[in-house]
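Below is one structure; the comments refer to it alone.
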Amino acid sequence: MNPITLEPHWTAYLTALLTPVVAIVAAYVAIINARTARNKLKLDLFDRRIKVFTTIRDIVRTTIKYEALDDAAYTDLVNAFNDAEWLFDANVHKHFASRTLPLYEAYTTAIARVRNAKFADANKILPAAASEKKLSAAKQEQQNAAQALAVDEPVIVALLAPFLRLSH
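The numbering of the sequence shown is the numbering used here, which starts it at 2 and goes up by one.
And the structure:
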């Protein structure tokens, strides 16, 4: 008798069992990779959304303090509004387009009028009474626009809050 044929073929059993074990481990690794990729996508989306939110929030707070927006801040604001179209739902973009952006434009226009009035006053272009009246009206316009933005800030936060979660 041949001793090799009498022994159980443990290599055959091992090979037969090892293939499903390797397949199960590979499937587990694939599932973990899929979860990781999905979570990375959620994190990337969250990062982009939080960037838009912080840009808008910072600019709102700047205007509430009656500070001027420089060109870079205004460009950041417009870029944030454009990004919001893709990162949030239609209601958020609609609010930005119909309410928030016009308020910022009114605020920026009011700041320009204040600067023009101060320039006219400093260079004695207008009589003192007219210059003072123009400056006062421009400052009031700036204050009204800033107050409207301050009222709009909680609305913006409420609109964006559902999207500022990692579970979304």
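C-beta: ideal position from N, C-alpha, C; glycine also. Small disclaimer: the values here were computed from a predicted structure and weren't measured.
Next item on the list: Give a yes or no on contact between the region 134-147 and the region 103-110, applying the rule of three or more CB pairs nearer than 8 Å.
Entry: The region 134-147 makes contact with the region 103-110, as at least three CB pairs between them are under 8 Å.
Checklist line | Inside the region 77-140 only - alpha helix (DSSP H) runs reaching at least 4 residues | finding: Counting whole runs of 4 or more residues, the region 77-140 contains the alpha helix (DSSP H) stretches 91-96, 102-123.
Check: When DSSP labels each residue in this structure, what does D71 get in the three-state scheme?
Finding: Looking at D71 - three-state DSSP - the assignment turns out to be coil, as it is neither helix nor strand.
Item checked: Touching by the beta-carbon criterion (3+ pairs, under 8 Å), the region 125-137 and the region 148-162 -> Contact between the region 125-137 and the region 148-162 is not established, with fewer than three Cβ pairs separated by less than 8 Å.
Notebook entry, point to check: Between the Cα of F82 and the Cα atoms of K66, K52, T64, T63, which residue gives the shortest distance?
Noted result: In terms of Cα proximity to F82, the closest of K66, K52, T64, T63 is K52.
Notebook entry, point to check: Where A138 and L167 are concerned, what is the direct C-alpha to C-alpha distance, given to the nearest angstrom?
Noted result: Their Cα atoms are separated by approximately 46 Å.
Check: Between which two residues does the alpha helix (DSSP H) containing F47 stretch?
Finding: For F47, the enclosing alpha helix (DSSP H) has its first and last residue at 11-65.
Margin query: Using 8 Å for Cβ pairs, my map puts L136 next to A118. What's the rounded Cβ distance?
Written below: Between L136 and A118 a beta carbon distance of about 4 Å is seen, short of the 8 Å cut, so the two are scored as contacting.
Checklist line | Where L167 falls: helix, strand or coil (DSSP) | finding: Coil, per DSSP.
Checklist line | Sequence-distant residues of the same chain with beta carbon closer than 8 Å to L165, five excluded per side | finding: Within the same chain, L165 has close Cβ partners F47, R50, I51, F54.
Margin query: Do T63 and A73 count as a contact pair if the criterion is CB distance below 9 Å?
Written below: Cβ distance not < 9 Å, so A73 and T63 don't count as in contact.
Check: Do you know whose CA, among A38, V26, W11, K140, lies nearest I112's CA?
Finding: I112 has its Cα closest to that of K140, out of A38, V26, W11, K140.
Notebook entry, point to check: Looking only at its own chain, which residues have a Cβ that is under 6 Å from the Cβ of T56, when we skip the five neighbours before and after it?
Noted result: Non-local C-beta neighbours of T56 in its own chain, meaning closer than 6 Å and more than five positions away in sequence, comprise D77, A81, ordered along the chain.
Next item on the list: Drop a sphere of 10 angstroms on the beta-carbon of V93, count the other beta-carbons inside from all chains shown, and report buried for 16 or more, exposed for fewer.
Entry: If you draw a 10 Å sphere on the C-beta of V93, you find 16 or more other C-beta atoms in it, and that means buried.
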